[in-house]
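Here the structure is laid out as C-alpha cells; the discussion comes afterwards.
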Amino acid sequence: MSDDNLNQNQDQSQSIWTEEQLRVLEAAGLPTEPVVEEDRKPTRDAVAAAFREELKHANEPGAKVMSADRELRYCLELQQKRIANRSLNYSEEMVPGAYFKEGLDNIRSWQDGQYETSWSVGFIEHTKTFDRPNMKPYKHKEPQAIYETVVDVRSGEDVSSDTYCCPNCGSVSTIKELQEGCSHCGTAFKMSELYPKVTNYFYTYDPSGRRDPIWKLAIKFGLYSLPVMMPLMVGVAWYQRHTMPEIYGSFTPKIAIMYALGSILVSPLIGYFIWMFSIFFAAGRQISTGTGPALSVGKSRKRYEEKMSKIIPSYTFETFSSRITSLFKLVAFSDDRASLPFYEGGNIGEEFDNVIDCSFSGWMSCNKIKQEGNYVYVTGNLFVDVTRDLGDHIKSQREVYRIKAGRRTDVPTTSNFSIAKIQCRTCGASFNSFKTRNCPYCGSASEPASDDWVIYEVKNAGQTYMLKPLLIVLAVLVLVVIGGLANLGIIKA
Ligand SMILES: [Zn+2]
Ligand SMILES: [Zn+2]
C-alpha cells in the first residue's frame, strides 16, 4: 500500500506537467504533448572532451579554445598575453591518470528554465612549469581531477552549421565560423552563444591517481626518512644505554651499526606510515580549504535558489558562479580594466598585475542578495587558486575574493538565436564590444552590455573564513598525535 503511494508520487514528479498545468494548457489550446527533446548528451560529452584537449594548447600562439564560451575563451586569451608579457616560458601537460583512463560525464546536473548545466570530470596527471632566465623554475606535478562545467540549452535549434552572409563584405560563412568575427573582413558580431560550451573548470587533488604501486612508494618515502630516522634510532639506543646501562648494557660501535642497519630494514614500514600520513595530510588540506567553503556553498545554493527564483528564475547557482568566475578572471588578467564593459568597480591598483594563473577552486558562496529597482545585486566569496610571478620566484596559493555583482531584472532571457553586426555609432567601425567598451578607432563608448552580470566590487577577503575549519583540523591532529604517543608508551595515559 505504502509502496504504491510512493510510486505514484514518483510518477507525478517525473511527468512534465502537473494536472493543474495540463488543465490550463488545454484551456489555452496549447499542445499538451511534451515536445520530444533531441538527445544532446553526446554533443555535450564531445565538448567536454574537446575542451580538455584544447586547454593543453591554449598557450600556443593564436590558439582559440572554441569549446569554451565567449568569456572563458577571452580569459584564456588574456592569460596567454599576460604570460607572454612577463617573458615567462610556460608549459602545461595533462596525461590521463593511471587508474581512471576515461573521464566521467554528467556526474551532477542542474536545470533551469532554459539551460542544462552539468559537470564532467577527467582524471589527469597535471604538470605545470614556469621558467625564465634568472628565476627559480616553478614546477607543479600532481594527480588531479579536472572538473568542467558544461552549459547547454534545453531546447532550441542548432544553427551552428547554418550559413550567414556577412553584411559588410558579402562573404558566406557558417554561424560557427563567425564566433570570433568574419575571417574575411574582421567584422564583429553580437550573437547568442552556440551551446553546449564549457563555461568553467577547476582541478582537485586526486590521491587515487598515483601511478606508482604502494610498495614502491613505501620504499621511496622510507629512503626519504633515513637521514632523520637513522640518527634518531642510534640516538635512542645511545640514550637508553647511557641512562639505564644496568638494563640495556653499554653503548658500543657495534650497537650503533646494528641500529643504523635496523633503521634501513624497517624504513619501508616507516615509509608506508609516512605515505599514509601524506594522504591524510592531503585530505586534511582538502578539508581545511574545503569544509568552510563547502558548508557555506551548501547554504549558498539554497539561499541563491530561493531568492533568485523569485527574481530571475532562469539562472541556477552553477551558471551564476561560473559566469562570476570568468568575469573575475577577466578583471584579474586585464591590463586595461577601465575598458572592460562589465566592470564598474573602482581602481584595484596592482593587486592582480603579477597573476599568471588563476583557477576556480570549486567553491563560491553567496552571502547577500539585494533587489533595488530593476537591478539585483549578489555579494559572495569566490575561492580561487592563484599563481603569482614574484620576479625571482613563482608562488601558488588559495585566495578568497569578495565580489559584488549586479544584473538587470527587466531584460527577459531568450534561447532564440540572434546575430547582429556590431557597429560603432560614431565612426561606423566594427569591433568586439564584449571585450572593450570604447571603440578602438574613434574612442566613443559603445552601448553597455547591461543585460548580463556586471561586477561592482572585487575585494581580497583574506583568510578569516579558514579559521574555524583550521582549528577543527588542528584539534583532530593533536588528538591523533596524543593517541599515537600513548599507544607507543612514550606518554602515559
Ligand atoms: Zn566580412
Ligand atoms: Zn568608432
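Mapping of the sequence shown onto our numbering: residues 583 to 1075, in sequence order.
Even for Gly, the Cβ is constructed at its ideal location relative to N, Cα and C.
At least one heavy atom of ligand 2 lies less than 7 Å from the C-beta of Y1023.
Beta bridge pairing from DSSP links E724 with H708. Taking each of G763, I856, E636 and Y787 in turn and checking the Cα distance to N750, the smallest one comes out for G763. For T731, the secondary structure class from DSSP, reduced to helix, strand or coil, is strand. Y886 is the residue among A800, N782, Y886 and G944 whose C-alpha sits nearest the C-alpha of Q953. Comparing C-alpha distances from W1035 to each of K950, N949 and F924 shows the shortest one belongs to F924. Residue pairing by DSSP leaves R655 without any beta bridge partner.
Non-local beta-carbon contacts of L658 in its own chain, meaning distances under 6 Å to residues more than five positions away in sequence, involve A640 and V647 in chain order. By DSSP's assignment, G962 forms a beta bridge with I985. A straight line joining the alpha-carbon of G973 with that of P715 spans about 11 Å. With respect to S1028, S1012 sits apart: the two C-beta atoms are not nearer than 8 Å. Inter-segment contact for the region 730-747 and the region 695-713 is present: three or more beta-carbon pairs are separated by less than 8 Å. Boundaries of the alpha helix (DSSP H) around E900: F899 to F915. Beta-carbon to beta-carbon, S807 and I856 are separated by about 6 Å, close enough to satisfy the 8 Å threshold. When DSSP states are grouped into helix, strand and coil, F999 belongs to the coil group. Under DSSP, the beta-bridge partners assigned to E675 are T709. Inside the region 923-979, DSSP marks whole beta strand (DSSP E) runs of 3 or more residues at positions 937-946, 950-954 and 957-971, from first to last along the chain. Taking C-beta separations shorter than 8 Å and ignoring five residues to either side along the sequence, the partners of H975 in its chain run M717, K718 and Y720, following chain order. Linking N936 to G1044 through their CA atoms gives a straight-line distance of about 18 Å. Annotation for R634: G704 place their beta carbon closer than 6 Å to its own, counting only its chain and skipping 5 residues before and after.
Taking a contact as a CB-CB distance under 8 Å, the pair F784 and F942 counts as one, their CB atoms being some 4 Å apart. Fewer than three beta-carbon pairs drawn from the region 897-905 and the region 736-746 are found closer than 8 Å, and the two stretches are therefore not classed as touching. Taking a 10 Å sphere around the C-beta of V966, we find 16 or more other C-beta atoms and assign the residue as buried.
Relative to the Cα of P678, the nearest Cα in the group E653, S774, L654 and I706 belongs to I706. Residue state for I846 is assigned as helix, using DSSP reduced to three classes.
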